[in-house]
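> Protein chains in written order, with my numbering: chain A, 2 to 366; chain D, 21 to 329; chain F, 246 to 752.
Quick reminder that beta carbons are idealized off the backbone N, C-alpha and C, glycines included.
Here the structure is a predicted model, which means the values were calculated and not measured.
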Amino acid sequence: MPPRFNLCTAQKVISAFRQPPLASPRKLAIHPRFRAAQSTTPLQKRWNSSRNDAEDLPERPKGPSEDPLPDVSEEAAEIDRIMNKEKRCDGQPASPELEQGTPVSEILSRDKEAMKHMPKVMQDQVKKNGGSRSFSTSARSRLPDVQETNAAREDPSIAMVASMIGQATEQAPGLEAERHSGLKFDYPVSPANTKTLNFRKRYDTLQEQFTKMIMEDGKLSRAQKVMASILDQLRTSPAPQVNARRRLLGAPPAPQLPLDPVLYLTLIVDSVAPLFRIRQQKGLTGGGTAVQIPHPLTLRQRRRSAIKWIIDASDKRRDTHVAQRIANELLAVAEGRSGVWERRDQQHKLGIAGRANLGLAPRRR
Amino acid sequence: MAGHRSNCIAQAMQLLRLPSSTSRVTVSRAPSHLRPPRTQTRTYATSEEAVSPAAPEIDFSTSSSRSPARIVPASPAYFSGSPRFIDHVLKLEKLQTKYSGLPTMEASEAPRMAWFKLAQFRDFVGEPVPTKKYKSLVKILQRLNRIQPAAVPAEVRSTLESFLRPGNPYAQQLAPPTVDESGRARGRGKRKESSAVVHLVEGEGEILVNGRSLVDVFKRVHDRESALWALRCTQRLDKYNAWINVRGGGVTGQAEAITLATARALLVHEPALKPVLRKAGVISVDARRVERKKPGHVKARKMPTWVKR
Amino acid sequence: MVPSACWNCVLRPRAAATRALLPPSSSAPRVASAPFHSSAAQYAQPAKKKANTQTMMKHRQSMSIRRKKKKPVDRVRPPPVGERKALKKRIVLSNPNALEIEGMADLSAETMSNPSLRGTIMGLPVDKLDQLRAVEAFKPKQSWSLFRRPSTVFRRSTYEMGRLIDQITGDVEGAQQGKVVKKIVTGPKGSGKTVHLLQAMTMAFIKKWVVITVPDARELVSGDTAYSPIEGTNPTQYVQPNATSTLLSRVVKANQDVLAGLRISQQHPALKGLKPGSTLADLAKLGLQDAAVAWPVFQALWTELNATKAAPGVKDEFQPRPPMLVTLDGLAHWMGESVYRAADYTTIHSHDLVFVNHFLSLLTQGQTLGNGGLVLYATSTSNSPSNYSLEVGLDQLAARQEGVKPSSPEYPQPESYSDADPRVMDLFQASMSKDGLLELQTLSGLTRDETRSYVTYFARSGLLREVVNDQLVGEKWSLSGGGVIGELEKVLRRPQLSRPQVATATA
């Protein structure tokens, strides 16, 4: 549902709370065309939206959190760019400058030297010392007028909303005090990562995924034991000698890795994770031959395939314990010795070859 | 469906008929001298009446504006299947957007409201409302209900009240549990087949489970962590002593039953910790139990292997 | 002449005739062959089933019969024999990745009885590690491999033991010099009983004592080593030559320096190969070479070590013998029947094994070690048979220590019909005689201060990425069941995620 709001009221309410009468120019940069549209009735209406049929609310109360202006200006800029960019040879957007919204007049007021050299029109303007026309791209100078006109109208809804918000904000410290009244000790400090506060998500995402993939017959605690053992072995084995051609992605220096085994594990898995899988699609070219189409994977899917490869490769090792097999395979990956790297390279090669088939793939909606 | 539609049509017709019928009444009741001259069928007899003055000009400015040019239904949702329901939804959506700026509170803190159950709501609107659509309506109701009580407009309050089912089932509040005279708070929790009772006292972090050390009962560190998660996530592990009785089920079940029981006991001591505990997932009841075995199945769902002969 | 028709057809004319008359059956495929030949039709391959019969059966049926079972991945070769056991017993004492801790004190003659160092982490002296390995002081699952170098918490019990060893040696003034102190060390699982023995051994090595250890009591009674009866004993005693030989090898390896400096001072007529004037190390090596004489050699060594003066016939000057440390791990195994069988197939009580009996007898009599020393026997919780008699014995010991008289009704007694082992009860009865009272030492969790220094040790080794504060210490202390050090280590080595941030970081 597109927000349908009355600009004037919103601006009023905001100004009631922010003493500086002007919000940042970025928020106020509205294309004139859209300004007109907003002040009048909405152009199109949908029944399912919040249309005011009988009792039309000219002034809709706005909350403090509701600050729709940037959205609109961005929208305006976007539309303007789309509509005007092609017409202009230099390709410069003719939209309100969102990034540099400081009006020219403001700059000039600060810079006396520049004032002398400013265009004639502007000099006239200064001489006139007033008037509604602004030379800035923003609607900034317009705003006081709008405000004045609004203020002239006595609007009960503004007062109502303002008083409501005022009440609520007054109440906030009261609520805070009440919250702390039910405590015997200090309010707990929340962890850096709030997600791990939950006791079902206490482990690192990758560690948990790896553990669950090690698990057999639903024996989670056994898998966790294996995982702990793997991490211990990563921790105690000597730092990897990094292969220059197959280095771990974004890794800290190798000697630091073993002391943070979870990070070590994450880096190893992420480094050999494939970017896509190869989908064998039949019937695209006719004749029943399958076409290989690369299909992008999400982070979790990528990790899954990497973990699967690592575990598969570790099954062929000769060590006695599962944990040892997997740990050795992981170390081999870290040093670039493992066959998992070749597997990934091969997959990528196939994917690159299959790029041509992407056009054949049925469009997904 | 047809019944409802006919109802709507009747309503609309009534609406349409209203201006015309009133005009007819006024016409019939008007004194004869004020009656507008009637155009009569012309007879062949020539009489005085035949030379009576012509009819006055029709005043289009009054008559034409009163009756609509075409039939307009009362509700904009008239042509939809369930106009009254949609009217309600529209009204609520309007309220929601109108007051969306008001300060809200957490869903857990909002007053508990007994909205219409689906069947009751269907009776209320007299239309067959699908479950999913009713759910979306209830969602809006709950959003409106989350506005802070001090800031709730009268309009919202009255609208919300119209969706309450008669008789308030949540009127009777249980007395909140309190710490007993020796400073103990009691909490119970269940998970799988296990049930745990925890007595929580302020102390230094001594924990006994069934009179034994925590380490003896739970060999896995994971289970120990689970059991004490409520104290751990609120950083109260060195501030309370716990005396725990747990029975039934297996190790994991017992550990997580203790989690729930500890969290509840902790809430008795410090009710303000509720949001933290909620986020930590320790006061959410896990109501899953083992699914029963069914006759004709090998396990709860597994079917015996099908053999052709 | 070859007949024109085949014999088969000639011999079965009627069958062929009837088949020829019948219309061709729809099921049997028609094969292009001579009509009078039945063999082609008979030997033809059965008709291929059409593929669409499969589709008919799709509805609601399990395909499990036809499904191929997943082939297990066949490993290249199984791991070589003995690798598993070697891996299980492998002891790694250092982790090169862990950070070196600066300023960590070593256990030494000065520090071992320094009260101000209580609660700190102390490294084991590097030059003693080989000796400690020789006496099998380290066990595989004590996570020595996590840290840069082996080190232990200097607990209160450690400090007390250090002082005791000082006193027995005579370095510190006290009535204990040359005395024998006997202790049974118990405690819950992971409370550091074996490490307590390890600390005692380290201190004994520092003080140049003779250390004799039995690292695993189970090996003596579990039927792993050879045994043979001793002639002329009643009841029959049994000797375990190989076990004794390994014991001797441990003693020689660990105490080489001390034993090489001591000369024989007694007569040993039983040992023919012994030259007069040889050192005690030479004496012990006799038993290493020939397991058959291991037991007499051990007895000779024992008398030598406990001698207080030279025997009349020996010319060499008598060198004073050092005190001795005798340790044992896993006492419960020795408190019942062994799995060995006598000639009449009755089980042999473990006290009938001379090896076991020798070490147990140290608990009973008064001054069992001639030159003083320490007898430390620890129970084990990781591998221990449940033993009612031992439990009662330890209860009695604890009661005695608290001052309960054996005549009082509160004194713990074995329950009637409980089948308590009389020999074990006698042993405990005898060990509680007045002189050289047996003590019971119960280890429990670390205190908070000790926990704090242990947690800090983890953090400084780079294994724990947290800010160590009271909250963290308290949390770990509770999670480890009140500072039980083995559990504490398990808790601390887990990767931490959901730690609350330090207050300064969020504020």
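If we ignore side chains and look at the alpha-carbon of each, how far apart do residue 61 of chain A and residue 248 of chain A end up?
Because residue 61 of chain A sits at a pLDDT of 48, beneath the cut-off of 50, its placement in the model cannot be relied upon, and the point is left open.
> Could you please give me the residues that DSSP links to residue 558 of chain F through a beta bridge?
None, per the DSSP bridge assignment.
> Counting Cβ pairs, one atom from each stretch, are 3 or more of them under 8 Å apart for the region 716-724 of chain F and the region 257-276 of chain D?
The region 716-724 of chain F vs the region 257-276 of chain D: in contact.
> Classify residue 326 of chain D: buried if its beta carbon has 16 or more other beta carbons within 10 angstroms, exposed otherwise.
With fewer than 16 other Cβ atoms within 10 Å, it is exposed.
> Could you tell me whether the Cβ atoms of residue 563 of chain F and residue 523 of chain F are closer together than 9 Å?
No, the pair does not count as a contact, with Cβ atoms beyond the cut-off.
> Within the continuous beta strand (DSSP E) that includes residue 296 of chain A, where are the two ends?
Its beta strand (DSSP E) spans residues 291-297.
> Compare the Cα-Cα distances from residue 373 of chain A to each of A:218, A:348, A:326, A:289 and report the closest residue.
As shown, chain A starts at 2 and ends at 366. That puts residue 373 of chain A outside it, with no answer to give.
> Which residues in the same chain have their Cβ closer than 7 Å to the Cβ of residue 197 of chain A, if we skip the five residues on either side of it in sequence?
So the qualifying residues of the chain are 203.
> Going by DSSP, which residues form a beta bridge with residue 265 of chain D?
Looking at the DSSP assignment, residue 265 of chain D forms a beta bridge with D:217.
> Could you give the uninterrupted runs of the alpha helix (DSSP H) lying entirely in the region 236-278 of chain A, keeping only those of 4 residues or more?
Listed in chain order, they are 262-273.
> Quick check on residue 323 of chain D: buried or exposed, where buried means 16 or more other Cβ atoms within 10 Å of its Cβ?
Result: exposed.
> Can you list, in chain order, the residues of its chain with a C-beta nearer than 7 Å to that of residue 33 of chain A? Leave out the 5 residues immediately preceding and following it.
Low confidence applies to residue 33 of chain A: its pLDDT is 42, below 50, so where it sits in the model is not reliable enough to give any reading.
> Which parts of the region 140-169 of chain D are runs of the beta strand (DSSP E), unbroken and 3 residues or longer, counting only runs that do not cross its ends?
Fully enclosed beta strand (DSSP E) runs of 3 or longer: not present.
> Taking the runs of the beta strand (DSSP E) that are 3 residues or longer, which of them lie wholly in the region 629-707 of chain F?
With a minimum length of 3 residues, the continuous beta strand (DSSP E) runs that stay inside the region 629-707 of chain F are 683-687.
> Output yes or no for whether 9 Å exceeds the beta carbon distance between residue 413 of chain F and residue 619 of chain F.
Yes, the pair counts as a contact, with Cβ atoms nearer than the cut-off.
> Among residues of its own chain, excluding the 5 on either side of residue 499 of chain F, which ones have a beta-carbon nearer than 6 Å to its beta-carbon?
Answer for residue 499 of chain F: 376, 379, 380, 456, listed in chain order.
> Do residue 635 of chain F and residue 580 of chain F come within 9 Å of each other at the CB atom, strictly closer than that value?
Contact: yes.
> So what does DSSP say about residue 513 of chain F, is it helix, strand or coil?
Correct three-state label for residue 513 of chain F: coil.
> Say whether chain D places a C-beta atom closer than 9 Å to the C-beta of residue 225 of chain A.
Cβ-Cβ to chain D under 9 Å: yes for residue 225 of chain A.
> If you draw a straight line from the alpha carbon of residue 677 of chain F to that of residue 536 of chain F, how long is it in whole angstroms?
Going by the C-alpha atoms only, they are around 35 Å apart.
> How is residue 594 of chain F classed by DSSP in three states: helix, strand or coil?
In this structure, residue 594 of chain F counts as strand in the three-state DSSP scheme.
> Mind reading off the beta-carbon distance from residue 19 of chain D to residue 278 of chain D? Whole number of angstroms is fine, and I expect it under 8 Å.
Any answer about residue 19 of chain D is impossible in this case: the structure gives chain D only from 21 up to 329.
> I need the boundaries of the beta strand (DSSP E) containing residue 210 of chain D, first residue and last residue.
Per DSSP, residue 210 of chain D belongs to the beta strand (DSSP E) from 205-211.
> Should residue 350 of chain A be labelled buried (16 or more other beta-carbon atoms within 10 Å of its own) or exposed?
Result: exposed.
> Quick check: the Cα distance between residue 97 of chain D and residue 108 of chain D, rounded to an integer number of angstroms?
Approximately 10 Å between the Cα atoms of the pair.
> So the candidates are A:228, A:250, A:284, A:293; which of them puts its Cα closest to the Cα of residue 278 of chain A?
It is A:293.
> Which one or two residues does DSSP pair with residue 316 of chain F in a beta bridge?
Looking at the DSSP assignment, residue 316 of chain F forms no beta bridge with any residue, so it has no partner.
> Who are residue 323 of chain D's beta bridge partners in DSSP?
None; residue 323 of chain D has no bridge partner.
> With distances taken Cα to Cα, identify the nearest neighbour of residue 726 of chain F among D:229, D:289, D:280, D:301.
It is D:229.
> Would you kindly work out how many angstroms separate the C-alpha atoms of residue 461 of chain F and residue 332 of chain F, rounded to a whole number?
If you take the alpha carbons of residue 461 of chain F and residue 332 of chain F, they lie about 18 Å apart.
> Which chain A residues are close to residue 390 of chain F, counting only those with a beta carbon under 7 Å from its beta carbon?
Neighbours of residue 390 of chain F on chain A, chain order: 237.
> Among F:359, F:571, F:430, F:408, whose alpha-carbon lies nearest the alpha-carbon of residue 688 of chain F?
Here the closest residue by C-alpha is F:430.
> Give the interface partners of residue 158 of chain D over in chain F, defined as CB-CB distance under 7 Å, in chain order.
Correct list: empty, because the minimum Cβ distance to chain F is about 34 Å.
> Taking DSSP as the reference, what is the three-state secondary structure of residue 351 of chain F?
Three-state DSSP puts residue 351 of chain F in a strand.
> Distance, Cα to Cα, residue 289 of chain D vs residue 304 of chain D?
Taking the straight line joining both Cα atoms gives about 18 Å.
> Please classify residue 427 of chain F: does DSSP put it in a helix, a strand, or coil?
Residue 427 of chain F: strand per DSSP, three-state reduction.
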